[in-house]
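**Q**
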Amino acid sequence: MLEIKNLHAKVGDKEILKGIDLSVGAGEVHAIMGPNGSGKSTLSYLLSGREGYEVTKGSVTYKGQDLLALSVDERAAAGVFLAFQYPIEIPGVTTMTFLKAALNSVRKARGEDELDAPRFLKLVREKAKPLNVADDMLKRALNVGFSGGEKKRAEILQMSLLEPSLAILDETDSGLDIDALKVVADGVNALRSPDRAMIVITHYQRLLDYIVPDIVHVLSKGKIVRTGGKELAGELERTGYAEFAA
Amino acid sequence: MVAVRETVETVHKVAGEKYKYGFSTDIESERAPIGLSEDTIRYISAKKDEPQWMLDWRLEAYRRWLTMDEPTWAKVEYPPIDFQSAYYYSAPKQKAKLDSLDQVDPKLLETYKKLGIPLLEQQMLAGVAVDAVFDSVSVVTTFKEKLREVGVIFCPFSEAVREHPELVQKYLGSVVPTSDNYYATLNSAVFSDGSFVYIPPGVRCPMELSTYFRINEAQTGQFERTLIIADKGAYVSYLEGCTAPQRDENQLHAAVVELIAHDDAEIKYSTVQNWFPGDENGKGGIYNFVTKRGDCRGNRSKISWTQVETGSAVTWKYPSCILRGDDSRGEFYSIAISNHYQQVDSGTKMIHLGKNTSSRIISKGISAGRSSNTYRGLVSVHKKAEGVRNFTQCDSLLIGDQSSAHTVPYIEAKNPTAILEHEATTSKISEDQLFYCMQRGIPAEEAVALIVNGFCRDVLQQLPMEFAVEAQKLVGISLEGSVG
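Chains as they are written, first to last, in this note's numbering: chain A, 181 to 426; chain B, -15 to 468.
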């Protein structure tokens, strides 16, 4: 599904990614772990197409096409979803309104018909329930005044509605207490499927107790320095990143 | 959001023809001689079959206007207006008086259809009475019967002059006197037509009243005159919506609107203004110099202005409230959007004269392109006005890095018991917000429309339903091409 080959990228004059090779197949859940400043967030922004990141070498192929050639919204329509570490506030736009705009944009780009209000409402309620997202929250402006847990649940709700092929979760555990983390992890696990790939980016092993990855990569100084099974996460938790920092 | 999507689709649909309403129909029209003189005014007055007192009133205004200077304090720039090269009266030629829609010139009806305001459908579906102004003469007035039953008078201004002279003489110029300002004085001299509304004591007007203005004849300045009176305990909601055909010449528009609310009366006046703003290079467009003022003459009366301003090359407009009656209340809700080379200088004045009067001002300015958007407001509390409250919120949103926003709030408090609050913010649509929306699949232009609609939400909520939908669409259309 996703093939990253020898990817180099810089922000301004600073080279952040220094040759990433990563292959993610459908149905797989990959964790990318690493210390602060290792390039984890840069990788997630690069894959989703945010401005300000310049690819200097290498390629990213997604479902057989050059991902880097697509605009941000084209990538979204093609099934790339980024769950933000810090979801953005959109004042005055209710969560419901935003969800509808997003879903119908994506449906339209995919050649599907747009949902009318009753069908949309039914779908949202169905998806919102397991995530513990009440009607009241849907009526509030998106992310404005949301608690940490509400923000992350809203992210997963969007993911659930948009049904991406490649979901990137950037530090989804940050700002969550253990109960909120469980709700979010359950939501993510419910979305695991044979035709969906996930990249879970995290600093801590904690999240991976709940979202258990197939493969764990360690990112350090812009390179993947180690790859292993889920047990690698546990090992890192004990030893820390010190050995990679050298 | 359906509206946003529709907006963008509309934008794309009209991309070829640019301004959606930029067409004109070739109905024969009858014009006053070019230029401005006492003869022009006599011509207009005669065309309207006006009584002597009306002509005298106009001439007095004209003579005063000759002694006045064009105001230059607003933050707008435009070439000098040659008042002698404009026509001051233009009316579609018609044979006789009309009793029903069947007798209306089919071409005229076609024009309304293009504008999306089929009269028949509107009557049936929306329950809105429409006093349709085509150029300067009111052609069709609907729902008259229903309104007459409850004693509401809703008619063209020229008809009111003939049929209800006692009301017109009593109230005309009582809020905006002929000496008020350069453009209001000009309007007083040459106003062509407009609407007159009178709601008798205790009557709640059974429907929203609306007027569609349309500037059709090239080089014809529009000088509308509107007078709305809500007698004791009455209520009326009035909608004004505007579109104009595309023209290269700059067209001058100087309307005057006067509102009077007696004891316990309430007037709600909503405007969606979408006149030709000029093209993306700043060529053409309407000059809009409007004087709108409401007088809360009675105790516990209330006047509320809501405006969505997206059009015109130059806008100079300050819908205001004189809070004369004790416990009266004034409100001003505004969305002003400027793009390309548009210049907006708009705001309000809340003049607190009575005791325990209150006012609320919510202004949302959005500037894109190379436009300039100024909020100019005055909150004034007079010596004897005890217990005054005011809340003002002015928010500006900038799109791109070549537009500008200015806020000029004046506050004069001469009574120590007044409590006045003023909040102001200036922000930009952030890269983060755009990226977030687009990451969810929303294309850039739709994302901007969505964010701006959110920014304007407090004001959009004040609009009557059918206007709110239209306004949301306008927000998107107006900001077309504002993101790269």
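Yeah, the Cβ is synthetic: ideal placement off N, Cα and C, and Gly gets one too. Every value quoted in this text rests on a predicted model; they were computed, and no experiment measured them.
#1: List the residues of chain B whose Cβ lies closer than 8 Å to the Cβ of E231 (chain A), in chain order.
#2: For F7 (chain B), count neighbouring C-beta atoms within 10 Å of its own C-beta (all shown protein chains included) and say buried if the count is 16 or more, exposed if not.
#3: Can you give me the Cβ contacts of T255 (chain B) inside the same chain, cut-off strictly under 6 Å, excluding the 5 residues immediately before and after it?
#4: Where I268 (chain A) and S354 (chain A) are concerned, what is the direct C-alpha to C-alpha distance, given to the nearest angstrom?
#5: How far does the alpha helix (DSSP H) with F278 (chain A) in it extend, from its first residue to its last?
#6: Taking only the alpha-carbon atoms, compute the straight-line gap between S520 (chain B) and V145 (chain B) and give it to the nearest angstrom.
#7: Counting along the chain, where does the alpha helix (DSSP H) carrying Q153 (chain B) start and finish?
#8: Please work out which residues of its chain come closer than 8 Å, Cβ to Cβ, to L356 (chain A), disregarding the five sequence neighbours upstream and downstream, and give them in chain order.
#9: Helix, strand or coil: how does DSSP classify W49 (chain B) here?
#10: Hey, is F439 (chain B)'s beta-carbon within less than 7 Å of any beta-carbon in chain A?
#11: Taking N186 (chain A) as the reference, which of A:M213, A:H210 and A:L223 has the closest Cα?
#12: For P310 (chain A), which residues in the same chain have their Cβ closer than 8 Å to its Cβ, ignoring the five residues on either side in sequence?
#13: Considering only their Cβ atoms, is the gap separating A455 (chain B) from L444 (chain B) smaller than 7 Å?
#14: Less than 7 Å separating the beta-carbons of N326 (chain B) and P261 (chain B)?
#15: Name the residue from B:A389, B:I426 and B:E430 whose alpha carbon lies nearest to the alpha carbon of K412 (chain B).
#16: Check distances from the C-beta atoms of the segment 179 to 192 of chain B to those of chain A and list, in chain order, the residues that come in under 8 Å.
#17: Go ahead and label Q68 (chain B) buried or exposed: buried means 16 or more other beta carbons lie within 10 angstroms of its beta carbon, across all protein chains shown.
#18: According to a CB-to-CB cut-off of less than 9 Å, which residues of the segment 331 to 342 of chain A neighbour chain B?
#19: I'd like to know if P427 (chain B) contacts chain A, where contact means its C-beta is closer than 7 Å to some C-beta of that chain.
#20: Beta-carbon within less than 6 Å of I335 (chain B)'s beta-carbon, same chain only, minus the 5 sequence neighbours each way: which residues are those?
#21: Rounded to a whole number of angstroms, what is the C-alpha to C-alpha distance between I321 (chain B) and H210 (chain A)?
#22: At least one CB of chain A closer than 7 Å to the CB of M449 (chain B): is that the case?
#23: What residues of chain B sit near L262 (chain A), judged by a beta carbon separation below 7 Å?
#24: Would you list the residues sitting across from S342 (chain B) in a DSSP beta bridge?
#25: Between the Cα of R15 (chain B) and the Cα atoms of B:V436, B:A70 and B:R313, which residue gives the shortest distance?
#26: Quick one: does A211 (chain A) have its CB under 7 Å from some CB of chain B?
#27: Return helix, strand or coil for P140 (chain B), following the three-state DSSP convention.
#28: To which residues does DSSP link C280 (chain B) through a beta bridge?
#29: Starting from S285 (chain A), find everything on chain B with Cβ-Cβ shorter than 8 Å and list it in chain order.
#30: Look up Q265 (chain A) in the DSSP assignment and say whether it is helix, strand or coil.
#31: Closer than 7 Å by C-beta to A431 (chain B): which residues in its own chain qualify, once you throw out the five before and the five after it? Chain order, please.
#32: Using alpha carbons as the reference points, say which of A:A249, A:G232, A:E231 and A:A258 lies closest to A347 (chain A).
#33: Can you look up D329 (chain B) in the DSSP assignment and give me helix, strand or coil?
#34: How is Y219 (chain B) classed by DSSP in three states: helix, strand or coil?
#35: Is the CB-CB distance between Y154 (chain A) and A189 (chain A) below 7 Å?
#36: Roughly how many angstroms separate the alpha carbons of G314 (chain B) and L193 (chain B), rounded to a whole number?
**A** Looking at the atomic coordinates:
#1: E415 and F419
#2: At F7 (chain B), the pLDDT of 47 sits below 50, so the modelled position is not reliable; the number obtained from the coordinates is stated separately. Classification of F7 (chain B): exposed, given that the 10 Å Cβ count is below 16.
#3: E224 and Q291
#4: 15 Å
#5: T275 to A289
#6: Residue 520 (chain B) is absent from the model: chain B starts at -15 and stops at 468.
#7: P149 to Y155
#8: G328, G329, K332 and V364
#9: helix
#10: yes
#11: A:L223
#12: D366, G367 and A370
#13: yes
#14: In the sequence as presented, Asn is not what sits at residue 326 (chain B); that position holds Gln. In this structure, P261 (chain B) lies closer than 7 Å to Q326 (chain B) by Cβ.
#15: B:A389
#16: none
#17: exposed
#18: Q338 and L342
#19: yes
#20: I306 and S364
#21: 47 Å
#22: no
#23: Q423
#24: B:R313 and B:R373
#25: B:A70
#26: no
#27: strand
#28: B:A245 and B:L307
#29: R(-11), R424, G425, I426, P427 and E430
#30: coil
#31: L418, C421 and M422
#32: A:A258
#33: strand
#34: strand
#35: What the structure shows of chain A is the stretch from 181 to 426, and residue 154 (chain A) is not part of that stretch, so it cannot be assessed.
#36: 20 Å
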